[in-house]
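J.: After the structure tokens below, expect a handful of questions from me.
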Amino acid sequence: MINTIFKKILSMTLIFSVFLGFAGCANTQEANKELEIKEINMEVLQKMLADQETFTLMIERDNCPFCNSMNTYLQETKADHKGKYNVYRLNTTNYELYREAEGDMTLISSNEEGKQFLSIFPYFLYTPSIYKIEEGVPVDVGIGYDEANYTISNWDVESTIDWNQARPIDVWTYLAQE
């Protein structure tokens, strides 16, 4: 009888150990992946926010030299910065975002997607911008890209950026923050 109980305990221990081994491998593999940026549109973004997801959102537009420079840097160095990333990209080129008057520190849009976008990010002004979204709520943003130092300017989402007070942060460090 004791022998049968011992065999059951040993069997369960082995099964549990194998399970933990697989789970550990999966977590290690997830933490050592190269950056992969997934393209989304406004409809997908709204669903992710409504589902209270946590993720990083890169806002870009076509013909943005700083966006292009940052993306080139990320592609060239992603093998050196393996980690756990949850990054999406939204292209706002067709959102017709513009300043109503020269010097305005907020944007407007005459397009429905642009209006939806600005209702979520009312102080958005520059590309690239990288937003941290926690449980469906924008909580932090990295704005612009300094190609000489590989940094973005860290700011809160409650106001338009003050470049003199923003804190520079390495773009890889910002992307890896959870």
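Number 193 marks the last residue of the sequence shown (this note's numbering); no jumps. We treat Cβ as the ideally placed atom computed from N, Cα and C, and that holds for glycine. These numbers come from a predicted model, not from an experiment.
#1: Classify Gly118 as buried or exposed, calling it buried when 16 or more other Cβ atoms lie within 10 Å of its own Cβ.
#2: Just to confirm before moving on: does the CB-CB distance between Leu133 and Ser144 stay below 7 Å?
#3: Flag Lys53 as yes when its Cβ comes closer than 6 Å to any non-hydrogen atom of the ligand NAD, and as no otherwise.
#4: Specify the secondary structure class of Phe70 as computed by DSSP and reduced to three states.
#5: Determine the burial state of Asn42: buried for a count of at least 16 other Cβ atoms within 10 Å of its Cβ, exposed for fewer.
#6: With DSSP collapsed to three states, give me the class of Gly98.
#7: Just to confirm the assignment: which complete beta strand (DSSP E) runs, minimum length 3, are found wholly within the segment 127 to 152?
#8: What's the gap between the Cα of Glu127 and the Cα of Ile158?
#9: Only counting the same chain, and skipping five residues up and downstream in sequence, which positions put a Cβ closer than 6 Å to that of Lys93?
#10: Measuring CA to CA, which of Leu140, Glu115, Glu91, Asn109 is closest to Ser168?
#11: Cβ of Tyr103 within 7 Å of Cβ of Ile55?
#12: Once DSSP output is grouped into helix, strand and coil, what is the label at Val154?
#13: Reducing DSSP to helix, strand and coil, say where Glu111 ends up.
#14: If we define contact as Cβ-Cβ less than 7 Å, is Asn109 a contact residue for chain C?
#15: Name, in chain order, the residues that DSSP records as bridge partners for Lys48.
T.: Per the coordinate set shown:
#1: That one is exposed.
#2: No.
#3: Summarising the ligand content, the structure contains no ligands, and the ligand NAD is consequently not present.
#4: strand
#5: For Asn42, the pLDDT reaches just 49, beneath the cut-off of 50, and the residue's location in the model is therefore unreliable, although a value from the coordinates is still provided. Exposed, by the Cβ-count rule.
#6: strand
#7: 144 to 149
#8: A direct Cα-to-Cα measurement between Glu127 and Ile158 gives close to 24 Å.
#9: Glu49, Leu50
#10: Leu140
#11: yes
#12: strand
#13: coil
#14: No chain C is part of this structure, which consists of one protein chain only.
#15: Gly98
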